[in-house]
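>
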Amino acid sequence: MIDKVVGSAADAVADVVDGSSLAVGGFGLCGIPMVLIDALLASGVRDLSVVSNNCGVDDWGLGVLLAARRIRKMTSSYVGENREFERQFLSGELELELTPQGTLAEKLRAGGSGIAAFFTQTGVGTQVAEGGLPRRYNADGSIAVASPPKPVQPFSVDGVVKDFVLEEAISTDFALVHAKLADRQGNLVFDKSARNFSPLCAMAGRVCIAEVEEVVDAGGIDPDAVHLPGVYVDRIVVVGRDVEKRIERRTVRAAASAAERGEA
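Here you go:
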């Protein structure tokens, strides 16, 4: 039996080198592998090409790598709350491949499933299919690199002919994910919405590294409860249940009055 638990986050990411590509789980600040991201920051690795739904915020998540100029290219569906992400892209310091969210999810799933490409209606009739989306700007604001046109092909769906655009799968050198529970063979369980992109990113990485809050022996997880089979996972780092988790944008409502609570 293979025990995939390693001693530290630094050991787990030691072979991530300059120029590596990464698929990183998370959505906003939910389910992000922050311990592994901090280990990459400490390692000094740079020129990374990162695939993730977004890039964290200015001081948390992938945003800490971005602020340290460690990321060369982002493939994302959302720029979000990260001002530095926006600034670097518009100033020509960062390349961005902006991808529709569902398409990004399927590109990762396809990469992990051995599927080279797939057709989708998403993006047909837009620059997603026709090309010309800015990927990198020059310092003067002109476009240095634009997206190329993609093949479009008609298919008959329920007797109606519709156009579909060809999207290529994504696979990366490494994947980084955060899970609630793992066994020593790498079977993972994610916590509610923290599941988000993580299984797909894990599948797409040729080497998957998972930080987990708790690890149990093989057989300690009901097979029906496994969200990601251990065949996709290469290394596990135990980070504990008290690992810091942040909320991207906290929203609360005012306390109800006695009358509103029906107590008047």
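Counted the way my numbering counts, the sequence shown spans residues 110 to 373. Quick reminder that beta carbons are idealized off the backbone N, C-alpha and C, glycines included.
1. Please work out which residues of its chain come closer than 8 Å, Cβ to Cβ, to residue 236, disregarding the five sequence neighbours upstream and downstream, and give them in chain order.
2. Per the contact definition of three or more C-beta pairs closer than 8 Å, is the stretch 194 to 205 in contact with the stretch 244 to 263?
3. Is it buried or exposed, residue 358, if we count other Cβ atoms within 10 angstroms and call 16 or more buried?
4. Determine the DSSP secondary structure at residue 126, reduced to helix, strand or coil.
5. So residue 245 packs on residue 204, CB below 8 Å; how close in whole Å?
6. I'd like the list of long-range same chain contacts for residue 221, defined as Cβ closer than 6 Å, with 5 residues on each side in sequence excluded.
7. Which of the three DSSP states is assigned to residue 99 in this structure?
8. Could you pull the DSSP bridge partners for residue 287 from this structure?
9. Alpha carbon to alpha carbon, how far is residue 300 from residue 118? Give it in angstroms, no decimals.
10. Which ranges would you report for the beta strand (DSSP E) in the stretch 184 to 209 if only whole runs of at least 3 residues count?
11. Verify the CB distance criterion: does residue 319 have a CB-CB separation below 8 Å to chain B?
12. Any idea what DSSP makes of residue 293, helix, strand or coil?
13. Between 274, 226 and 309, which lies nearest to residue 288 when the distance is taken from Cα to Cα?
14. On the criterion of 16 or more Cβ atoms from any shown chain inside 10 Å, does residue 365 qualify as buried, or is it exposed?
15. Just verifying my parser: in three-state terms, what is the DSSP assignment at residue 172?
16. Spell out the partners DSSP gives residue 161 in its beta bridges.
17. Count the C-beta pairs between the stretch 348 to 362 and the stretch 123 to 142 that are closer than 8 Å, then say yes if the count reaches three, no if not.
18. Which residues mark the beginning and the end of the alpha helix (DSSP H) in which residue 242 is found?
19. Between which two residues does the alpha helix (DSSP H) carrying residue 374 extend?
20. Can you pull the DSSP bridge partners for residue 107?
21. Please report the distance separating the alpha-carbon of residue 126 from that of residue 363.
22. In whole angstroms, give me the CA-to-CA distance for residue 186 and residue 278.
The answer reads as follows:
1. 242 and 256
2. yes
3. exposed
4. coil
5. 4 Å
6. 312 and 313
7. With the chain covering only 110 through 373, there is no way to say anything about residue 99.
8. 320
9. 21 Å
10. 204 to 207
11. Absent from the structure is chain B; it holds one protein chain and no more.
12. coil
13. 309
14. exposed
15. helix
16. Beta-bridge pairing links residue 161 to no other residue.
17. yes
18. Taken as a continuous stretch (DSSP letters only), residue 242 belongs to no alpha helix (DSSP H), as it is neither H nor E.
19. Residue 374 lies beyond the residue range present for the chain, which begins at 110 and ends at 373; the question has no answer from this structure.
20. Absent from the structure is residue 107, since the part of the chain shown begins at 110 and ends at 373.
21. 49 Å
22. 15 Å
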